[in-house]
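Here the protein sequences come in this chain order: A and B.
In short: position in the first sequence from 1, add 7, done, that's the working numbering.
In short: position in the second sequence from 1, add 3, done, that's the working numbering.
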Amino acid sequence: MSHIDLSVALDAAAPEAHHHLVTRRTGAVVRTVIERQIAKLAEGSVAVLDFSQIGVLDRSCADEFVAKLVLPLTMERPSRESYVVLVGVSEGHLDAIEAVLETHRLALVVRFDDGVTHLVGTVSPLERQLWECVMARAGAAVEEAAEAVGLALEEAQATLEELVRRRLLRRLDDAFAPLGAPA
Amino acid sequence: MTAVLTVPASLDEAQFESVIEQLAAVPTEAKLLVDARHCRFATPYGLTALLCLAQSRVERPDFAPPEDEQALSYWARAQFFKYAEELYTIRGTVPKRAASGDSDVLLEVTPVNGNEDVQGIVRRIQEKAQQILNTTLDLEPRSTMGFSMTLSEAASNIIEHAGRGGWVMVQRYNWAKRRVGRDVVQIAVCDAGMGFRASLEGSRARALADRWDDQTALEAAVIQGVSRFADPGRGQGIKGMRGWVHRIDGKLTVRSGTARIVPIIPDWDEDVPLQGGLLPFPGAQINVIIPRRMAPP
Chain A
8 MSHIDLSVAL
18 DAAAPEAHHH
28 LVTRRTGAVV
38 RTVIERQIAK
48 LAEGSVAVLD
58 FSQIGVLDRS
68 CADEFVAKLV
78 LPLTMERPSR
88 ESYVVLVGVS
98 EGHLDAIEAV
108 LETHRLALVV
118 RFDDGVTHLV
128 GTVSPLERQL
138 WECVMARAGA
148 AVEEAAEAVG
158 LALEEAQATL
168 EELVRRRLLR
178 RLDDAFAPLG
188 APA
Chain B
4 MTAVLTVPAS
14 LDEAQFESVI
24 EQLAAVPTEA
34 KLLVDARHCR
44 FATPYGLTAL
54 LCLAQSRVER
64 PDFAPPEDEQ
74 ALSYWARAQF
84 FKYAEELYTI
94 RGTVPKRAAS
104 GDSDVLLEVT
114 PVNGNEDVQG
124 IVRRIQEKAQ
134 QILNTTLDLE
144 PRSTMGFSMT
154 LSEAASNIIE
164 HAGRGGWVMV
174 QRYNWAKRRV
184 GRDVVQIAVC
194 DAGMGFRASL
204 EGSRARALAD
214 RWDDQTALEA
224 AVIQGVSRFA
234 DPGRGQGIKG
244 MRGWVHRIDG
254 KLTVRSGTAR
264 IVPIIPDWDE
274 DVPLQGGLLP
284 FPGAQINVII
294 PRRMAPP
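Dropping the structure here:
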């Protein structure tokens, strides 16, 4: 897991923004900085993007930064295996993040200040159920998850694989693990 | 020969239509005198729209400032003359750039020409007006960020789509005696740029439309979230503004060219949801009214 303080990245890329992530241009500049940082991480790493020092986040900036950062990672054949988790997200930030993720039919793992981790964005009820099952067990084999949720093995396998493709879970040998679990 | 445009005694969004009406009768290249001598009250919409009016003229117009001392002082505190002096030839004297100690002026007339202007506006609102917004509007923390987000998206609309600079202003009012019956904050974001119709000229909405005019363009942008860019993530700014204004029982109006749309009409006001065939005014003018949160029954 690699912690990235967005306020530090924003200060370096656009000091005039004063910790506010507003406008598309600002979003594009910060995305470029974060993309470079993620590219330097080892294959399969989880980048933890920390919003705790960020003031205002508007939708245009969230679209340019959050959505466009995640889109290439979730392609069928991404150029690298990287994962993103958001932390320090306030309710105000969540409005913008949720809206842009839903527009692109994306989802992200978000850890709130109370320590609880949620899936935010577009997720089917089945995806959510399986994701929560894996989270509750801090990792699960497909048989275990299928049984816990009451699904046929094939359906559970396909949905868990889809969650991995969407970068919401990780493969851990024959099992599936939450982002942040030891690899 | 100089054409004279009389500014009404009360210059708000509705009354600015009378200025547009007079303007429509004057050729663009004609010499103009904007006569505000009898104006006693102006909202952020009125002040910023007056600056847009000057921007839209071929020849620098003349401007006669209000005679009423209170109005004159307010216009100076709102920094109107600071920018009006660049666009108009002022007839007579106006107070020098007074520092605004007026706590009701949450954001003085502020130019929007680029990215850094929008960042500056958000920074100033967050620093200067946060406390006032909390006490005036009694907004929850989540909604307070919505205020800055709305301001930022509306101002970004200028730099993304207008093709020229515009203006922003934010003011607090006590509207206890009006139908809304409580404090409100008004945000005006006005520009004299290309307007929504020209901005969406190359869009898919335009290609699919049987009829294409300011009214259809406004509907496409404000209601359907259409942008001139094919990117599906575009057009979210206005959608976000609309959602937030609706949630806090506010009112949003957008005028562009010959059309005006009111996607959110709260219970405390009456208006026409969509109007076409108005007299033309360049660019786009956005007005947002946010009332104080009502205590739960």
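Glycine residues also receive a C-beta, built at the ideal position from the N, C-alpha and C atoms.
As the structure is a prediction and not an experimental result, all values here were calculated from the model.
Where A:MET142 falls: helix, strand or coil (DSSP): helix
Test item: CB-CB of B:LEU110 and B:ILE135 under 8 Å: no
Any C-beta of chain B under 8 Å from that of A:ALA106: yes
Short Cβ contact (8 Å threshold) for A:VAL116 with A:VAL77: no
Top-ranked residue by Cα proximity to A:HIS100, from A:SER9, A:LEU13, A:GLU23: A:LEU13
Reference B:VAL248; option with closest CA among B:GLN133, B:ASP71, B:LEU211, B:ASP270: B:ASP270
Close-in-space but distant-in-sequence residues of the same chain around A:ALA188 (CB under 8 Å, 5 per side omitted): In this prediction, A:ALA188 has a pLDDT of 49, which is less than 50 and means its spatial position is unreliable; nothing more can be read from the coordinates.
Close-in-space but distant-in-sequence residues of the same chain around B:CYS55 (CB under 8 Å, 5 per side omitted): GLY169, TRP170, CYS193, ASP194, ALA195, PHE284, PRO285, GLY286, GLN288
B:ILE292 in three-state terms, based on DSSP: strand
Coil, strand or helix - A:GLU162 by DSSP: helix
Chain A within 8 Å of B:GLY236, Cβ atoms only: yes
The segment 103–112 of chain A / the segment 53–68 of chain A touching (three or more Cβ pairs under 8 Å): yes
A:LEU160 burial status per 10 Å Cβ neighbour count (16 or more: buried): A:LEU160 comes out exposed.
Entirely enclosed alpha helix (DSSP H) segments - the segment 26–80 of chain A, minimum 4 residues: Correct list: 31–47, 66–69.
Cβ pair B:ILE264, B:LEU277 closer than 8 Å: yes
Rounded C-alpha distance that separates B:GLY166 from B:THR9: 29 Å
Contacts around A:LEU48, its chain only, beta-carbon distance under 6 Å, and the 5 residues preceding and following it disregarded: SER9
CA-to-CA distance, B:SER151 to B:ASN160, given in whole angstroms: 14 Å
Residue-level contact to chain B via CB, A:ALA74, 8 Å cutoff: yes
Interface partners of A:ARG31 on chain E, CB under 8 Å: Although the question refers to chain E, the structure presented lacks it and instead comprises the protein chains A and B.
Short CB-CB distance (under 8 Å) between A:ASP161 and chain B: Here residue 161 of chain A turns out to be Glu, not Asp, going by the sequence shown. Not closer than 8 Å to any Cβ of chain B, the Cβ of A:GLU161 fails to qualify, so no.
Limits of the beta strand (DSSP E) - the one that B:ASN177 falls within: 169–178
6 Å Cβ shell around B:ARG258 - same chain, five flanking residues per side excluded: GLN288
Within-8 Å CB hit, A:GLY34 to chain B: For A:GLY34, the answer is no, since every Cβ of chain B falls outside 8 Å of its Cβ.
Pair within 8 Å by beta-carbon distance, A:ALA16 and A:VAL37: Yes, these two residues count as a Cβ contact at 8 Å.
Pick from B:ASP38, B:PRO294, B:SER146 that is closest to B:SER21, judged by C-alpha positions: B:ASP38
Terminal residues of the alpha helix (DSSP H) in which B:ILE190 lies: Note, B:ILE190: premise wrong, no alpha helix (DSSP H); beta strand (DSSP E) at 185–194.
Nearest candidate by alpha-carbon position, reference A:SER73, set A:PRO85, A:CYS140, A:THR166, A:VAL55: Before going further, note that residue 73 of chain A is Val rather than Ser in the sequence given. Selected option, being the one with the closest Cα: A:VAL55.
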